[in-house]
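Visitor: Before I ask anything, here is the structure I am working with.
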């Protein structure tokens with residue numbers, strides 16, 4: 001896969017316009033090949049929304065078919081009476097979507113919860129405001145270029161792109177919360193089985209993009225969305241990069257500090273898929289412990305100090321070539337010996353050794369020694385999951401496999417009142 005924005009020589013505005021045009025043509029082409037699509041939209045007017053019962057994040061199995069996006073149909077009679085289905089609306093048109101509420105705001109964009117007037121699905125509208133002198137942010141062009149070609153159950157689905165003179169809007173499937181909020185609501189570490197399901201989905205998504213030579217480069221709990229079923233979806237591809245683009249080096253200023261690997265912290269710009277594996281390993285430990293694996297506060301120096309305290313200060317013997325990295329300063333640190341993970345993160349001592357073994361293989365200092373996403377999926381840690389999970393099509397959710405469901409978290413067991421409410425907090429960030 002190659003990202004056209006870096007090789008065609010087009011301006012940002014021309015590139016964005018071409019991306020939007022191609023995306024809309026693909027959506028219209030898909031619609032033309034469907035059968036009786038207008039009748040299906042009309043029939044939804046008379047279809048009564050099904051009720052939902054929440055159990056942690058797991059919904060009781062309903063006797064209705066759900067779409068690929070797992071977006072809920074709108075509910076509430078008063079709103080439904082006000083809202084009119086429109087049969088003539090098209091993709092790529094701003095009037096095809098209705099804002100419901102603001103979810104978050106960032107430097108370049110604002111995210112709203114919305115609803116599609118085409119099919120009634122809830123959506124997330126990421127509105128990127130364009131400055132006249134600067135045009136469209138390059139991160140937005142990069143995100144659109146990559147997401148338009150990614151179709152996977154564990155990657156947030158881009159439904160539509162709307163380009164106007166004032167803004168660029170990405171229309172995503174609506175996902176109820178993110179992993180950061182989920183961990184806040186369930187402090188002290190998550191249920192071990194739920195961690196296994198979340199890690200399997202995270203590695204499944206990484207394996208998919210890595211096989212297409214794409215790096216996410218910004219893995220953190222806030223960028224892992226969680227649906228009401230417990231589906232984990234990679235989001236925020238603004239820093240993602242396709243390795244098929246000819247480039248000698250990449251930027252070292254990627255990944256939030258807590259999830260940044262030691263090679264990048266020491267100035268390496270020649271990194272590969274191992275960058276994402278380190279971030280996934282840090283998230284693995286955080287789900288187990290209920291706190292970040294390496295919570296540096298001040299700067300790169302302190303972040304390295306946190307890592308060396310567990311893994312030891314690297315040498316040429318343990319990591320060939322480390323002395324060539326720009327920020328390798330072993331004299332700044334007291335000698336440290338590697339520690340057993342279970343001595344540092346106590347919960348690992350309560351779990352089978354294969355849990356610690358997978359974490360160790362993901363958090364190797366030398367990036368060449370880190371396990372790949374595909375190999376990690378075959379690790380014995382996942383042997384207790386149903387075998388059919390290993391053979392699913394890319395677009396099929398693991399929750400389609402009989403018996404796969406989230407377990408009740410300890411916080412919900414001891415707080416009966418929480419089980420009566422939806423445990424999903426609204427998204428608090430602009431992804």
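Numbering (UniProt numbering), first residue to last: 1 to 431.
Backbone N, C-alpha and C fix where the C-beta goes; we use that ideal spot for every residue, glycine too.
#1: Grouping DSSP H, G and I as helix and E and B as strand, with all else coil, what is residue 145?
#2: Among all the DSSP beta bridges, which residues are the ones paired with residue 173?
#3: Measuring alpha carbon to alpha carbon, tell me which residue in 184, 279, 355 is nearest residue 341.
#4: Where does residue 453 land, buried or exposed, given buried means 16+ other C-beta within 10 angstroms?
#5: Evaluate residue 291 with the Cβ neighbour count: other Cβ atoms within 10 Å of its Cβ, from every protein chain shown; 16 or more gives buried, anything less gives exposed.
#6: Since residue 325 and residue 276 should fall inside the 8 Å C-beta cutoff, what is the C-beta to C-beta distance between them, to a whole number of angstroms?
#7: Three-state secondary structure (DSSP) at residue 167?
#8: Since residue 161 and residue 170 should fall inside the 8 Å C-beta cutoff, what is the C-beta to C-beta distance between them, to a whole number of angstroms?
#9: Over the uninterrupted beta strand (DSSP E) stretch that includes residue 108, give me the two end residues.
#10: Is it right to say residue 36 is buried, meaning 16 or more other beta carbons lie within 10 angstroms of its own, or is it exposed?
#11: Can you tell me whether DSSP reads residue 223 as helix, strand or coil?
#12: Within 10 Å of its beta-carbon, does residue 235 have 16 or more other beta-carbons around it, so buried, or fewer, so exposed?
#13: What separation, rounded to the nearest whole angstrom, lies between the Cα atoms of residue 385 and residue 184?
#14: Going by DSSP in three states, residue 162 sits in which element: helix, strand or coil?
#15: Below 8 Å on the Cβ atoms is my contact criterion, and I expect residue 308 with residue 336 to pass it. Report the Cβ-Cβ distance as a whole number of Å.
#16: Would you report the Cα separation of residue 164 and residue 362, rounded to the nearest angstrom?
#17: Once DSSP output is grouped into helix, strand and coil, what is the label at residue 371?
#18: According to the neighbour-count rule (16 or more other Cβ atoms, all chains shown, within 10 Å of its Cβ), is residue 176 buried or exposed?
#19: On the three-pair Cβ rule with 8 Å, is the stretch 371-389 touching the stretch 143-150?
#20: Nearest to residue 220 by alpha carbon, out of 105, 368, 294?
#21: Between 211, 124, 344, which has its C-alpha nearest residue 104's C-alpha?
#22: Going by DSSP, what residue range makes up the alpha helix (DSSP H) through residue 233?
#23: Which residue marks the beginning of the alpha helix (DSSP H) containing residue 211, and which one marks its end?
#24: Just mark residue 303 as buried or exposed, buried being the case when its beta carbon has 16 or more other beta carbons within 10 Å.
#25: Excluding the five sequence neighbours on either side, which residues of its own chain have a C-beta within less than 7 Å of the C-beta of residue 203, listed in chain order?
#26: Could you name the residues that DSSP lists as bridge partners for residue 99?
#27: On the criterion of 16 or more Cβ atoms from any shown chain inside 10 Å, does residue 311 qualify as buried, or is it exposed?
#28: Determine the direct distance from the alpha carbon of residue 313 to that of residue 300, and round the result to whole angstroms.
#29: What does the Cβ neighbour count give for residue 193, buried or exposed, with the cut at 16 atoms within 10 Å?
#30: Determine the extent of the alpha helix (DSSP H) in which residue 304 is found, giving its start and end residues.
#31: Taking the DSSP output, what are the residues bridged to residue 178?
Guide: Reading from the atomic positions:
#1: Residue state, collapsed to three classes: helix.
#2: 123
#3: 355
#4: The structure shown does not extend to residue 453, since the chain is modelled only from 1 to 431, so the question has no answer here.
#5: exposed
#6: Wrong, their Cβ atoms sit about 19 Å apart, outside the cutoff.
#7: strand
#8: Confirmed, about 6 Å.
#9: Run containing residue 108: none; DSSP gives neither H nor E here.
#10: Only weak support is given to the placement of residue 36: the predicted model assigns it a pLDDT of 48, under 50, and the question is left unresolved by the model.
#11: helix
#12: Buried: at least 16 other Cβ atoms inside 10 Å.
#13: Distance between the alpha carbons of residue 385 and residue 184 is about 26 Å.
#14: strand
#15: 5 Å
#16: 43 Å
#17: When secondary structure is reduced to three states using DSSP, residue 371 falls in the coil class, being assigned neither helix nor strand.
#18: buried
#19: no
#20: Ranking 105, 368, 294 by Cα distance to residue 220 puts 294 first.
#21: 124
#22: Segment 232-234 is the beta strand (DSSP E) holding residue 233; no alpha helix (DSSP H) there.
#23: Boundaries of the alpha helix (DSSP H) around residue 211: 192-211.
#24: buried
#25: 280, 373, 376, 377
#26: 114
#27: buried
#28: 15 Å
#29: exposed
#30: 300-311
#31: Per DSSP, the beta bridge partners of residue 178 are 225.
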